[in-house]
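Number of protein chains: 4
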Amino acid sequence: MIEAALFGAGRIGKIHAANLVRQPGVHLKYVTDVHAESAQALAQQHGAAVATIEQVLADPAIKAVLIASSTDTHADLIVRAAQAGKAIFCEKPVDLTLARARAAADAVARAGVLCMIGFQRRYDPTFAAVKARIAAGEIGTPEVLTVTSRDPGAPPVSYIKVSGGIFKDMLIHDFDIFRWILDDEAVSVYATGSCLTDPAIADAGDIDSAAVTIRTRSGRLCQINASRRAAYGYDQRFEILGSEGMLQAGNHKPTEVTAYSAHSVSHDKPENFFLERYRAAYADEIAHFFDALIKGTAPRTTVHDGLKALELAEAATTSWREKCVVTL
Amino acid sequence: MIEAALFGAGRIGKIHAANLVRQPGVHLKYVTDVHAESAQALAQQHGAAVATIEQVLADPAIKAVLIASSTDTHADLIVRAAQAGKAIFCEKPVDLTLARARAAADAVARAGVLCMIGFQRRYDPTFAAVKARIAAGEIGTPEVLTVTSRDPGAPPVSYIKVSGGIFKDMLIHDFDIFRWILDDEAVSVYATGSCLTDPAIADAGDIDSAAVTIRTRSGRLCQINASRRAAYGYDQRFEILGSEGMLQAGNHKPTEVTAYSAHSVSHDKPENFFLERYRAAYADEIAHFFDALIKGTAPRTTVHDGLKALELAEAATTSWREKCVVTL
Amino acid sequence: MIEAALFGAGRIGKIHAANLVRQPGVHLKYVTDVHAESAQALAQQHGAAVATIEQVLADPAIKAVLIASSTDTHADLIVRAAQAGKAIFCEKPVDLTLARARAAADAVARAGVLCMIGFQRRYDPTFAAVKARIAAGEIGTPEVLTVTSRDPGAPPVSYIKVSGGIFKDMLIHDFDIFRWILDDEAVSVYATGSCLTDPAIADAGDIDSAAVTIRTRSGRLCQINASRRAAYGYDQRFEILGSEGMLQAGNHKPTEVTAYSAHSVSHDKPENFFLERYRAAYADEIAHFFDALIKGTAPRTTVHDGLKALELAEAATTSWREKCVVTL
Amino acid sequence: MIEAALFGAGRIGKIHAANLVRQPGVHLKYVTDVHAESAQALAQQHGAAVATIEQVLADPAIKAVLIASSTDTHADLIVRAAQAGKAIFCEKPVDLTLARARAAADAVARAGVLCMIGFQRRYDPTFAAVKARIAAGEIGTPEVLTVTSRDPGAPPVSYIKVSGGIFKDMLIHDFDIFRWILDDEAVSVYATGSCLTDPAIADAGDIDSAAVTIRTRSGRLCQINASRRAAYGYDQRFEILGSEGMLQAGNHKPTEVTAYSAHSVSHDKPENFFLERYRAAYADEIAHFFDALIKGTAPRTTVHDGLKALELAEAATTSWREKCVVTL
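Right under this line is the structure:
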């Protein structure tokens, strides 16, 4: 039996807890949270105990920790957990600054522990199927990737102010998709954007609509368009053109009903938001983490991937602010 | 140059005239119609002359006639045109009675002239592609055909009264599709139906909703569902299950726009009605007719096909009226 | 805490057990199976005990039983569980004979216990959404229902021989869908069919391809086409035409990948078979059962529904065998 | 009767001729071409005469000229036709250099003649429907446009060498779509690209894959991705996100057949190339030209639009070559 602990009992922590307790051979021993009641409620639901971070890290029975606390705690918890020899699953992003993120990666490397970053999209059935089919050669050599990434609505401006900006907060996932699907690294990044939905976002120093273009070492191209608001819901698509064809990853829908009216033929909007859209992905990534831990294999999404996505987010932020192309 | 004449300058006559004059090597010499002004207008538009049926049939220069006049004139015109040695294109149905339809077919056989019936659906690009792909073996042996055939709205009750009933007037096309796609003949027909949209149709002795099941010599099955009214427009679909797969013929849409709103994702309704839906089919069938005439080949839709569809319509009518299965 | 027992540890019993243990406030106390090892394995997986039917029924702590054993045991177990005062969830069909099914229904009525039949399709998100949208008036008055019901492949002929035939074994679900979606009862049934996939099925006295037409009291129409084999997988669709529109329930797909090749544009085949296609439905029906039990409400699918579907299956069998229309 | 002349009897000239002769009240009097046989064949097909450019321009009966000759002749012919007082339809681009294009525009302005540029995509039923629905307010304020523009294969390198490069030759259409759909002008352009399909294209100083980002005066964003080669055919799509929804313009297909096999569910690839894809657009633009001529109204696509698209193509070319953002 693998004993595990969860840091953070918020929205995503609850998802991870529910998926963790379904893993055969895994037991949730502790839950921690700065908000005591949240920790208590989640711990009770799954038969776990509330503990402090120190207690968790000091307990030799704990083999794995899941970090789902606020972003500013990620890097520090990674370092401490690595030093304590725990296997680590950490939500994205590793940190909002490259320096701290690199320090966390260094700590992981020194400790030689497993560290997986929660880029859950790589575990989505649709996205993973595209990756597998590219790998099987179905479209020949990948050439051009286009990514559409739109939230149903912007988070509160109070959150946006501490979010690190749209590129680190929202496009970080898309930068990871870029690296994964094109299997290549960026040589140049260009980003531009606007504040089109709410002037308060501009006042907070951020934008809500972004357009990014990345060129890779081998000349492959990637375009990402992102928006904090899509009236029709959560839009998560990409398409990859290769020398012999194209693969598209489309949105998921709640039902397969088609309605014919006097006006149009319609079907469901996409799944509402990430908790619904990536339900299977969240389950699969936790299973993948414990599978990697048990088998001693490398996870699909490492702390290195976290660093590289953050580098792209930094480059995009610079490009947007300075209205120039950034060379990597 | 092939000189041709058109009987009937109504809605479908105008379509045929416009397609006829686009055929290289074909000239529209005469137009006839019981309504003099219609004949005059259509003739003038295409540089043809107005004539009587007698004049047309007596003119040895006329090699082909297109019969697009009212249904009750079809059989008689076929007989007279055949006796005059003209190649014949005739709108469906051949007649509303089997006896008269057979007489027309006999006259054609005796005269040895080309006679093509206007089952335009066989010339529709989508339907024809399904047929060709079945013939190429794509789905193995055909087994089960389901046909959906719905008009956007019922014709005037005055028309329904002289239409021969829903099976001869509307499902005649579907019976032809059945024979063509399954490439087999019926051994039993069961039909039932209801008047669900307008009691005046029941008062006229007809129904507006029909369900037909046909079993073939080799045990293949066909189900047809038809309605005089679909709120969403003209619905013309079928699907054919074979031992190795299935092919569906779907509706055509005016545009390929997809709209994402706060409520749903929608696209266009089907093309409005038969003039739009079968525009290409009407053009292709006229081209096919003159091609068969020039090359001396058999047309895809013969007077025999017209007879067989009418036999099925009669059997379905009997089955519906007598609430029994009709064996053929 | 509601204590429950499961009769039958086979394929569908395992599904029900896994869903049962996820219900808050419900505990799986016993598992029974004629095959001791199966019972033992499933009981152990969920922390339950193996017991005999007698032990289960004699334990006053047991409030609910789930009957997932072989079809020939259903009616008897319903009677005994009803007499013991247990709430009953029973897999379809109630029985293969109307007499025994009616006896079971009578026992339920006399005991006044909850009895829900496992017509899981009514709990499928897509099917349930269609029903809710009809109820909300979206398509006006329902008129014509067409159902496509195809399995990926036939079961072993040894099973077919004891299955009660295609109408009771396979179309029983479609008959229930008919009653539920059209919200009406049949006045006539016509069924025909063929053995097109494997002569051994004909030798066993059954068919593999069926076409059924039902007319209701209010003149609504239903056509069902069913096949034991679809080369492309499990095909579960229906569409309902109403006076103001149409709703289609489509197949579910494993992923939302679209592939563009030099030959075509393609997406996934439907989910493989019922365990995948109705995964959510199986979960929702068990939740619904315990919800009804806790709240004392009537379940969506009663033993009466089981009887009515069986009556239609009997009528269809008669119609097919005697080549006639059966009036109900 | 409007007498018209056609300059250029090549592939696109033939299309225009066929559409021209279908316009009521319009007559094709002359055809010119540097290749005498081509001019002769096309003239004969439509009952026109072969003439020199001088003869055409000197004939006062000629009210309109259609310029479908090679790109390097466009600007000069526009100037001469304008000076001769003819209404002008000219294929895109106006010219490969801005200076010559501006001179042509000036000549048109001085002469006060009608001059329409053949950006046929604006006349495509799908694209035009999107524009009309935006104008009707369906998606609120337009924000982000993404355009996918891919040819089935690259033209010969000999053509690429004189084509003006991918931005002027191919993306010129997409730049026009950008201005039309977003109804705004560019303030910055960034373009990058690669040669991924054939080194000979790089040797000719061009690229085959391009990614362009445009920012407008009001902060709207546009991303265009283009490729000279898509293994699956001609890919012509765009989608426009607005404050209240999104509209997508999808590819057109030859048929509406869907095929279910043991491997996948597939439908037709997009229409093969521009002659098929824009068949209706080519017809509609010629009808629009003569309609504007007869009514004295402004055409949808003016020489000013031709200039603006060319400016964007120049800016994109500069951005690509100099690896920088170009401000307009």
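Protein chains in written order, with the numbering used here: chain A, 347 to 674; chain B, 347 to 674; chain C, 347 to 674; chain D, 347 to 674.
Here a beta-carbon is modelled for each residue, glycine too, at the ideal position from N, C-alpha and C.
As the structure is a prediction and not an experimental result, all values here were calculated from the model.
Legend entry - Element boundaries [alpha helix (DSSP H), containing D:Gly652]: 649-668
Legend entry - Cβ separation of C:Leu517 and C:Ala659, assumed to be a contact under 8 angstroms, to the nearest whole Å: 6 angstroms
Legend entry - Neighbour flag for A:Ser555 against chain B, beta carbons, 8 angstroms: no
Legend entry - Rounded separation between D:Glu484 and A:Ser540 - CA only: 22 angstroms
Inset, instruction - Figure out for me which residue from C:Arg468, C:Glu657, C:Asn365 has the closest Cα to the Cα of C:Ala447. - result: The shortest C-alpha separation from C:Ala447 is found at C:Glu657.
Inset, instruction - If I'm right that D:Leu491 touches D:Cys568 with Cβ under 8 angstroms, what's the distance once you round it to whole angstroms? - result: 4 angstroms
Inset, instruction - May I have the straight-line CA-CA distance separating A:Ser480 from B:Phe521, to the nearest angstrom? - result: Looking at the sequence shown, residue 480 of chain A is not Ser but Ile. Each residue's alpha carbon lies about 46 angstroms from the other.
Legend entry - Stretch pair the region 614-628 of chain B + the region 425-433 of chain B: three plus CB contacts closer than 8 angstroms: no
Inset, instruction - Tell me whether B:Asp522 sits in a helix, a strand or coil according to DSSP, three-state version. - result: helix
Inset, instruction - Would you mind stating whether A:His634 and A:Ala451 have Cβ atoms separated by less than 8 angstroms? - result: no
Legend entry - Inter-residue CB distance, B:Val672 and B:Ala655 (contact presumed, cutoff 8 angstroms): Rounded, the Cβ-Cβ distance is 15 angstroms, inconsistent with contact.
Inset, instruction - Return the chain-ordered ranges of every beta strand (DSSP E) run that is complete within the region 491-565 of chain B and spans a minimum of 3 residues. - result: 532-540, 555-562
Inset, instruction - Can you tell me which of A:Ser415, A:Thr559, A:Ile348, A:Thr398 puts its alpha carbon nearest to the alpha carbon of A:Lys360? - result: A:Ser415
Legend entry - Neighbour list for A:Ser416 in chain B, Cβ cutoff strictly below 8 angstroms: What A:Ser416 touches in chain B: nothing, since even the nearest Cβ is about 31 angstroms away.
Inset, instruction - Determine the closest residue to B:Ala605 out of A:Val611, A:Tyr606, A:Leu593, A:Lys477, with distance taken between C-alpha atoms. - result: A:Val611
Inset, instruction - Under 8 angstroms by Cβ, that's how I've got D:Tyr578 and D:Phe620 pegged, so tell me the actual separation to the nearest angstrom. - result: At roughly 16 angstroms, the Cβ-Cβ gap does not stay under 8 angstroms, so D:Tyr578 and D:Phe620 are not in contact.
Legend entry - Segment limits, beta strand (DSSP E) that includes C:Asp581: 581-588
Inset, instruction - Assign B:Gln594 to buried or exposed, taking buried as 16 or more other Cβ atoms, counted over all protein chains shown, within 10 Å of its Cβ. - result: buried
Inset, instruction - Please name the residue or residues paired with A:Glu437 in a DSSP beta bridge. - result: A:Gly464
Inset, instruction - Using only alpha-carbon positions, find the residue among C:Glu531, C:Thr419, C:Pro645, C:Ala557 that is nearest to C:Tyr469. - result: Ranking C:Glu531, C:Thr419, C:Pro645, C:Ala557 by Cα distance to C:Tyr469 puts C:Pro645 first.
Legend entry - Reduced DSSP secondary structure (H/G/I, E/B, other) of D:Pro488: strand
Inset, instruction - Give the interface partners of C:Ala608 over in chain A, defined as CB-CB distance under 9 angstroms, in chain order. - result: Glu590, Gly591
Inset, instruction - State the Cα-Cα distance for the pair C:Trp666 and C:Ala537, rounded to the nearest angstrom. - result: 5 angstroms
Legend entry - Contact set between the region 482-493 of chain D and chain C, restricted to residues whose Cβ is under 9 angstroms from the partner: Within the region 482-493 of chain D, no residue qualifies.
Legend entry - Within chain A, partners of C:Asn365 - CB distance below 7 angstroms: Going along chain A, no residue has its Cβ under 7 angstroms from C:Asn365, so there is no contact; the nearest lies around 13 angstroms.
Legend entry - Beta-carbon gap between B:Phe353 and B:Ile424 smaller than 8 angstroms: no
Legend entry - Proximity to D:Ile408 [Cα-Cα], best of D:Ile348, D:Val493, D:Gly464, D:Val396: D:Ile348
Legend entry - Counterpart residues of D:Gly591 in DSSP-defined beta bridges: D:Gly588
Inset, instruction - From the DSSP output, read off the bridge partner residues of B:Phe353. - result: B:Thr378, B:Ile413
Legend entry - 8 angstroms Cβ cutoff met for D:Ala572 and D:Ala548: D:Ala548 is positioned such that its CB atom lies no closer than 8 angstroms to that of D:Ala572.
Inset, instruction - Provide the residue(s) that pair with B:Tyr606 in DSSP beta bridges, ordered along the chain. - result: B:Val611, D:Met592
Legend entry - For A:Val476: DSSP bridge partner residues: For A:Val476, which the question treats as bridged, DSSP gives no partner whatsoever.
Legend entry - Top-ranked residue by Cα proximity to A:Val396, from A:Ala355, A:Phe473, A:Ser509: A:Ala355
Inset, instruction - Return the CA-CA distance between A:Ala389 and C:Ala389, expressed in angstroms with no decimal places. - result: 27 angstroms
Inset, instruction - Establish whether the CB of C:Lys615 and some CB of chain B are separated by less than 8 angstroms. - result: no
Inset, instruction - Tell me whether B:Val372 sits in a helix, a strand or coil according to DSSP, three-state version. - result: B:Val372: strand per DSSP, three-state reduction.
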